[in-house]
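Residue numbers (the working numbering), protein chains in the order written: chain C, 1 to 653; chain B, 654 to 794; chain W, 795 to 971.
Put into structure tokens, the structure is as follows:
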């Protein structure tokens, strides 16, 4: 009965979302106050029933109801409680339900926040969000129903994919989806603005906090995925340029560009059509990622079980959604007007340059990811585009961007002066060069590119810090800085940490694959690593061989690691659980490979300097985003700059 | 039930492999070997380089690379040995040929395109009068 | 005006490509060996370990080369079809047993029936690399001159046999007096 109720709740959610979008869009068009009044309650109802539907599926997992096919495929009685809940979003159907719930939550937020937003405009945004959610609910009901019964019921479930039985992977999808789906808000704002035919400073001010929040979620989500890949896939790599990773990274780049472009649109009323286009593209790339991962058109480490019918559905939905938005864009955006001027050396120019580089970076990833598909579709054979390509081309736009960021942060709106910039930047510059030299020589002989990478990281951090000092000099204390500025600086410091970590880890990591017997000692980067013994152990749903590995430095004990090779009982797939000694300056990473016979085992031992800075940097960035978003000025009511297009009788736009 | 089996077959089965072969004596050979096995894509576990895959084919191909290195083959000979048998699909770094020129020139093309638009915008904007009062003073930086 | 229309045109192009891509399997890698001479090799036979067979000895006939192993589930799936093809007696089928335990392989043929004129043994997988094999079962069609005409990377079945292999074989036989 529970799963049927779950499906019923989903159908109700669909109806409410449909009423919401119809009442919102049609009510705004024909100016019907009684329709417009329906929109908010519908948004609330939509969230309640989406949560109910999701909760009922979760319930089926908790009680191990293997008469539900989706539960039987993704859970097991031996599966720990925590993972049984995570299993809800472990595969295609449930993760879509999570997507729907997340979109409902964002819709609820937009419906009840932004008190000074005109009713008509809010109705339009909610109308668009409702339509998007309707599309996804149709998709679930038509092709991916998680509530389908299995007759006869399975006695035991097939268990959760062992790769996903991990704490980081439990929270990774909800956070990532919060970001992915959050970009729908920006999309809806863009479509709303296109329908009304105008972009105002207020529009940007309403949208900025939403975009920052979605961006922060996306940042954490992508970082979590990377962290998980680092310790769980067992290779010690943290980014593989796999299509599934690229699918999450492209929207992130777009959202980053959007945040910066929105700043200009709000402050100066410039780049209106560009900002709207970015807002459309961000969510479009989310949809595209969904299509790529769920349709099977590309080979990926974690493609969902693919099905051409599903692929076709998403493709049509994607085409309609983005097509309508871009159609409106082609029709309405030319009338947005272009605003005032600025000098070549100005904050506006730097932000424009930032946008260009981010969009080029996203474009290159898109081209690289899709190129094999293009070639195949043109019957020109099969090719692969892998890390060697991406690592190379990604640097082309991003490295100059990071170097220029240090300058851009300090330039003023409309016009800046070189002398002024030099005055502010000479101190950070003169510190950054020796510090970067010190860091790049700490682990060996760096190449020029390595030095430039390290310098870029240090430079951005110091430049951001000097901005704080400048403001202090002007008599404002650190805490009196507006939160939006503090957030911006924090996020840039996070970026600097990230760049530093990335450069040092990729250049100075040491990796050794060895065959060891109990008692053998190897030397790695000044550490003595000894395989003490191997023993059998077991977990709730797996058996494992565990290595006991001691690490000493100059004879002094540093730590003991317990890398495991697990075999999960139900899916009988081997999994590597690495042993990691984490530290601020370096990680030591030990993974157990295969039994080579006669007592020797293969091990992969790695020394990874500054690898933590990669995820630390991402977290600091996300924190900066949240800090900026929390600026109280975003919530302060302002006078509308023009008579609000309220329900007064008048011409429809 | 049939659908269920299909789903199970498509489950990602990933685990990494440790290259258990002895490191080569010559560090230069070892370095070349490590680059080569990272740039060749495994055809069985299609999203791993042969360095990380524990598929039997990956193991055989690692052996092949090692033997060819030791017998004096150049890197390009080793790559063409692989592409002769498996096609360009095995190369994670696609070669610059007729069908990939767009891929390799993409950074240049995009930057050129973007740069032109940027230059034009900057020129137009710089020519516009700057009104010092048009700023939205209440705006959040 | 272009800059306002460009996005939707890009989208249309992308959607077009995706639509075509939906109907293709990205994981199947076509062999560059089609239209090229079969690699030169010589391998011992499974059932008569003292004898060998290879490209040169197989010249002058149209034949199928089927790669199999007892560890390969798809090989069990296609075995019935191979027996059926053998019964039709149109072309000889040679087997290449890949990285297998010879005892298990012999047992397999004894239990399931032997569709092969002869099965060669590639224990180390070296010849298989020359053939560009990456996933058993695979089936090659080789012509009189030892040229590789066609390759199937999947279990063979009667439908594939009739639609893909037979027309090619008839062409080859017609060309050769």
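Backbone N, C-alpha and C fix where the C-beta goes; we use that ideal spot for every residue, glycine too. These numbers were taken from a predicted model, which means no experiment stands behind them.
- Between residue 690 of chain B and residue 702 of chain B, the C-beta gap is smaller than 9 Å, which places the two residues in contact.
- Between residue 932 of chain W and chain B, the shortest Cβ-Cβ separation is not below 9 Å.
- Between the segment 554 to 570 of chain C and the segment 587 to 606 of chain C there are three or more C-beta pairs closer than 8 Å, enough to call the two in contact.
- Non-local C-beta neighbours of residue 94 of chain C in its own chain, meaning closer than 7 Å and more than five positions away in sequence, comprise 57, 70, 88 and 146, ordered along the chain.
- Taking the CA atoms as reference points, residue 835 of chain W sits about 58 Å from residue 280 of chain C.
- Near chain C, meaning a CB-to-CB distance below 7 Å, the residues of the segment 817 to 831 of chain W are 818, 820, 821, 823 and 824.
- For residue 815 of chain W, the closest alpha carbon among the candidates C/382, C/622, C/192 and C/218 is that of C/382.
- The residues 157, 159 and 570, in chain order, have a CB closer than 6 Å to that of residue 76 of chain C in the same chain once the five nearest residues on each side in sequence are set aside.
- In this structure the segment 930 to 939 of chain W does not touch the segment 909 to 919 of chain W; the number of beta carbon pairs closer than 8 Å is below three.
- Per DSSP, reduced to three states, the secondary structure at residue 538 of chain C is strand.
- Here DSSP, grouped into helix, strand and coil, assigns residue 597 of chain C to coil.
- Going by beta carbons, residue 393 of chain C and residue 760 of chain B fall inside the 9 Å limit.
- When CB distances to chain B are screened at a threshold of 9 Å, the residues of the segment 377 to 388 of chain C falling below it are 378, 380, 381, 382, 383, 384, 385, 386, 387 and 388, in chain order.
- Beta-carbon to beta-carbon, residue 388 of chain C and residue 240 of chain C are separated by about 12 Å, too far to satisfy the 8 Å threshold.
- Following the DSSP letters along the chain, one finds residue 515 of chain C inside the beta strand (DSSP E) bounded by residues 510 to 517.
- Residue 568 of chain C: member of the beta strand (DSSP E) spanning 564 to 568, first to last residue.
- Cα atoms of residue 824 of chain W and residue 438 of chain C: separation of roughly 51 Å, rounded to the nearest angstrom.
- C/201 is the residue among C/201, C/498 and C/472 whose C-alpha sits nearest the C-alpha of residue 265 of chain C.
- In the structure shown, residue 934 of chain W falls within a strand segment according to DSSP collapsed to helix, strand and coil.
- In the three-state scheme derived from DSSP, where H, G and I count as helix and E and B as strand, residue 113 of chain C is classed as coil.
- The contact set of residue 699 of chain B on chain W, defined by CB atoms closer than 8 Å, consists of 821 in chain order.
- The C-alpha of residue 118 of chain C lies about 11 Å from the C-alpha of residue 36 of chain C.
- The alpha carbon of residue 868 of chain W has as its nearest neighbour, out of W/964, W/948 and W/958, the alpha carbon of W/948.
- Between residue 140 of chain C and the set C/219, C/514, C/85 and C/50, the nearest pair of CA atoms involves C/50.
- Interface criterion not met: the Cβ of residue 756 of chain B is under 9 Å from no Cβ in chain W.
- Within chain C, the residues whose beta carbon sits less than 7 Å from that of residue 781 of chain B are 340 and 341, listed in sequence order.
- The bridge partners DSSP lists for residue 847 of chain W are W/837.
- The C-alpha of residue 733 of chain B is placed about 31 Å away from the C-alpha of residue 292 of chain C.
- For residue 824 of chain W, the secondary structure class from DSSP, reduced to helix, strand or coil, is coil.
- Beta bridge pairing from DSSP links residue 942 of chain W with W/936.
- For residue 254 of chain C, the enclosing alpha helix (DSSP H) starts and ends at 243 to 268.
- Put simply, the CB of residue 948 of chain W is far from chain C, with every gap to its CB atoms at 9 Å or more.
- Per the Cβ contact rule, the segment 90 to 104 of chain C is in contact with the segment 175 to 185 of chain C (3 or more Cβ pairs under 8 Å).
- Counting other Cβ atoms within 10 Å of its Cβ, residue 308 of chain C stays below 16 and is therefore classed as exposed.
- Identification of chain B residues near residue 364 of chain C by a Cβ-Cβ cut-off of 7 Å yields 759, 760 and 763, ordered along the chain.
- Chain-order list of chain B residues neighbouring residue 57 of chain C: empty, with the shortest C-beta distance near 17 Å, by a criterion of under 8 Å.
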